[in-house]
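Novice:
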Amino acid sequence: MRNMLNIVLFGPPGAGKGTQSPMLIEKYGLIHLSTGEMLRDEIKRGTPLSEEIKHLIEAGHLVSDKIVFEMVREQLEAARSPKGFIFDGFPRTTKQAEMLDKEMADHDTKIDMMIALQLDDETIIKRIQRRAEIEGRADDADVSIIHTRIKNYNEQTAVVMDYYRAQGKFHFVDGNKTPQDTFAAICAVIEKVTK
Ligand code: AP5
Ligand code: MG
622 MRNMLNIVLF GPPGAGKGTQ SPMLIEKYGL IHLSTGEMLR DEIKRGTPLS EEIKHLIEAG
682 HLVSDKIVFE MVREQLEAAR SPKGFIFDGF PRTTKQAEML DKEMADHDTK IDMMIALQLD
742 DETIIKRIQR RAEIEGRADD ADVSIIHTRI KNYNEQTAVV MDYYRAQGKF HFVDGNKTPQ
802 DTFAAICAVI EKVTK
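Here it is, written out as structure tokens:
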């Protein structure tokens, strides 16, 4: 088994996954794989899949497992001797989690832990509305789309926690605190698991 640190950073929309990732990358030398960023990049580049992706994202719905997984696989292949990966916003369905486990095993490695940021819906909505003014993401613009994203998270994505819980890899972190306190709590989990 290769000596790597592979972390699934999990949580509802606006939980702080994108905020925590750069700090973790810097501290642990990991590669950031955000499927949301990859999909937004597809749209920007106007690839053959971009219309379909744009339509789904702007409605707050998940993109198909197949499209998402192909993108992840490409990025995993492209990484040369990585120290490890942070998966941000992926896996988002049990099917994606199963595909990821298989892909990791094919590369002689594994997922070490899931760190799930948890916070209440009210805070989620407030944070996303604030970000809408700064970043202008299409799926942040309308509160009804934010509600759809939260609903899809609860109905299709939250179950992925059970998948990792069954493997003894699930860890919970309170996402309501400041970015610095949340980062310290995430690092404490990593130190405990890797010790
Ligand atoms: P994706 O880009 O993954 O978005 P998301 O999961 O909705 O999460 P966000 O990026 O909105 O939030 P975040 O947790 O990164 O929070 P952030 O740090 O920015 O996915 C977008 C869409 O793409 C999906 O809806 C779906 O359509 C599609 N998609 C993506 N992956 C897919 C997959 N695997 N399968 C199928 N479809 C997929 O923080 C939010 C805001 O709060 C920021 O302004 C930040 O500055 C602020 N903030 C962060 N932390 C704190 C804090 N501790 N205190 C106060 N403010 C904070
Ligand atoms: Mg994000």
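Take any residue in the sequence shown, note its place counting from 1, add 621, and you have its number in the working numbering.
We put the beta carbon where it would ideally sit given N, CA and C, even for glycine.
#1: DSSP three-state label for Ala680, please.
#2: Can you check the segment 710–777 for any beta strand (DSSP E) of at least 3 residues that lies completely inside it and give the ranges in chain order?
#3: I need the DSSP call for Ser702, collapsed to helix, strand or coil.
#4: Report the rounded CA-to-CA distance for His682 versus Asn624, giving the unit in angstroms.
#5: For Ile652, collect the residues of the same chain with a Cβ closer than 6 Å to its Cβ; drop the 5 residues on either side in sequence, then sort them by chain order.
#6: Taking 7 Å as the line, does the beta carbon of Gly632 fall inside it for any heavy atom of ligand 2?
#7: Expressed to the nearest angstrom, what Euclidean distance is found between the alpha-carbon atoms of Arg748 and Ile674?
#8: If you draw a straight line from the C-alpha of Glu715 to the C-alpha of Asp709, how long is it?
#9: Can Phe706 be considered in contact with ligand 1, in the sense that its beta carbon sits closer than 7 Å to one or more heavy atoms?
#10: Under the criterion of a Cβ to heavy atom distance below 7 Å, does Leu683 qualify as lining ligand 1?
#11: Going by DSSP in three states, Ser642 sits in which element: helix, strand or coil?
#12: Straight-line CA distance for Lys638 to Gly632?
#13: Let me check understanding here. Comparing Cα to Cα, which of Met734, Ser765, Ala806, Arg751 lies closest to Gly789?
#14: Can the beta-carbon of Ile678 be found closer than 8 Å to that of Asp760?
#15: Measure the C-alpha to C-alpha separation of Lys816 and Thr803 and round it to an integer number of angstroms.
#16: Give me the pocket residues for ligand 2, defined as CB within less than 7 Å of any heavy atom, sorted by chain position.
#17: Determine, using beta-carbon pairs with one atom in the segment 722–742 and one in the segment 782–798, whether at least three such pairs fall under 8 Å.
Specialist: In short, the structure shows the following:
#1: Reading the sequence shown from its first residue, position 59 is the one you call residue 680. It is helical.
#2: 734–739
#3: One-based indexing of the sequence shown puts residue 702 at position 81. In this structure, Ser702 counts as coil in the three-state DSSP scheme.
#4: On the sequence shown, position 61 is the one that residue 682 refers to. On the sequence shown, position 3 is the one that residue 624 refers to. Spanning the two alpha carbons is a distance of roughly 36 Å.
#5: If you number the sequence shown from 1, residue 652 lands on position 31. For Ile652, where only same-chain residues beyond five positions count, the Cβ hits under 6 Å are Ala700, Pro703, Phe706.
#6: One-based indexing of the sequence shown puts residue 632 at position 11. No.
#7: The residue given as residue 748 occupies position 127 in the sequence shown. The residue given as residue 674 occupies position 53 in the sequence shown. Put simply, the backbone Cα of Arg748 is about 24 Å away from that of Ile674.
#8: For the purposes of this step, residue 715 is identified with residue 94 of the sequence shown, where counting begins at 1. For the purposes of this step, residue 709 is identified with residue 88 of the sequence shown, where counting begins at 1. What sits at residue 715 in the sequence shown is Thr, not Glu. Those two C-alpha atoms are separated by around 15 Å.
#9: To locate residue 706, count along the sequence shown from 1; it is residue 85. Checking every heavy atom of ligand 1 against the Cβ of Phe706, none is found closer than 7 Å.
#10: On the sequence shown, position 62 is the one that residue 683 refers to. Answer for Leu683: yes, Cβ within range of ligand 1.
#11: Your numbering for residue 642 matches position 21 in the sequence shown. DSSP places Ser642 in helix when its eight states are reduced to three.
#12: The residue you call residue 638 lines up with position 17 of the sequence shown. The residue you call residue 632 lines up with position 11 of the sequence shown. Distance between the alpha carbons of Lys638 and Gly632: 7 Å.
#13: Residue mapping note: residue 789 aligns to position 168 of the sequence shown, counting from 1. Answer by Cα proximity: Met734.
#14: For the purposes of this step, residue 678 is taken as the residue at position 57 of the sequence shown. For the purposes of this step, residue 760 is taken as the residue at position 139 of the sequence shown. Result yes, Cβ atoms of Ile678 and Asp760 sit closer than 8 Å.
#15: The residue you call residue 816 lines up with position 195 of the sequence shown. The residue you call residue 803 lines up with position 182 of the sequence shown. Answer to the nearest angstrom: the Cα atoms are 20 Å apart.
#16: Lys638, Gly639, Ser655, Gly657, Asp709, Gly710
#17: yes
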